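What follows is a set of notes on a single structure, which appears directly below.
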Amino acid sequence: MYQVNNAELDAEHAQKVLEMEHTQQMKLKERQKFFEEAFQQDMEQYLSTGYLQITERRGKWGRGQLGRGLAGCAG
16 MYQVNNAELD AEHAQKVLEM EHTQQMKLKE RQKFFEEAFQ QDMEQYLSTG YLQITERRGK
76 WGRGQLGRGL AGCAG
C-alpha cells in the first residue's frame, strides 16, 4: 500500500518538476527576446547616429522586474 502511494507521489513530483522547468524556460526565452530587441534598437540608433543615448527602459523587464526575473534564474 505504501509503495503504491510512494510511486504515485514520485510520478506527481516528476510531473510538477517538468511543468516548473517548462515555465522557467518560457520565462527565460521571453527575457532573452526582450534584451535582444533592446540591443537591436540600440544598435540601430548607434549605426544611424554614431552614438548611444540609453535612457532607463521601462516595461516588463524594467529595473524592478529585472531583479525579480533574475531571482528565479539562480537555481
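Residue numbers (this note's numbering): 16 to 90.
We treat Cβ as the ideally placed atom computed from N, Cα and C, and that holds for glycine.
Since this is a predicted model, take the numbers as computed values, not measurements.
- Task: Check L67 in the structure and name its three-state DSSP category.
- Result: coil
- Less than 8 Å separating the beta-carbons of Q68 and Q56? no
- Just the Cα atoms here: how many angstroms apart are A26 and M35? 14 Å
- Query: Roughly how many whole angstroms lie between the Cα atoms of R46 and V32?
  - Reply: 21 Å
- Message: Can you give me the C-alpha to C-alpha distance between A53 and Y66, rounded to a whole angstrom?
- Response: 15 Å
- Query: Roughly how many angstroms separate the alpha carbons of F50 and K44, rounded to a whole number?
  - Reply: 10 Å
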